[in-house]
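A.B. asks: Have a look at this one.
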Amino acid sequence: MLGRIILLTLLTFASPISFAESAKVNPKYEGIEITVNINEASAEELSALLSGVGLKKAQAIVAYRQQNGAFGSPNDLALVKGIGEATVEKNLSRIKL
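What follows is the structure, encoded as structure tokens:
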């Protein structure tokens, strides 16, 4: 009886671990480069594709772009209120002009 309890306990805790490991990265998507054109993307696209950028910050990016024109370099994104240099650095490989 004690053996069954131990076995059931182990199975209970082992199952979620095995499911979590299989959900890490789908091989179908390995090697796909995620990029976003910050001069053309909508706020929804920016928030979905840039790490650390939610909808509010993405809306600020679009508003800045509409008021000041196109971004000249990815680093210009740091001129937007709420977007720091760390966010720009984190997303440099994703940002296109």
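Residue numbers (mature numbering (1 follows the signal peptide of the UniProt record, and there is no 0)): -20 to -1, 1 to 77.
Idealized CB from N, CA, C, for every residue including glycine.
Which residues bound the alpha helix (DSSP H) around residue 38?
C.D. replies: Here the alpha helix (DSSP H) through residue 38 covers 35 to 48.
A.B. asks: Quick check on DSSP: helix, strand or coil for residue 16?
C.D. replies: Note: residue 16 maps to strand in three-state DSSP.
A.B. asks: Any idea which residues DSSP pairs residue 76 with across the strands?
C.D. replies: Answer is 17, bridged to residue 76.
A.B. asks: Can you say whether residue 71 is buried or exposed, counting buried as having 16 or more other CB atoms within 10 angstroms of its CB?
C.D. replies: By the 10 Å Cβ count, residue 71 comes out buried.
A.B. asks: Taking only the alpha-carbon atoms, compute the straight-line gap between residue 36 and residue 62 and give it to the nearest angstrom.
C.D. replies: Spanning the two alpha carbons is a distance of roughly 9 Å.
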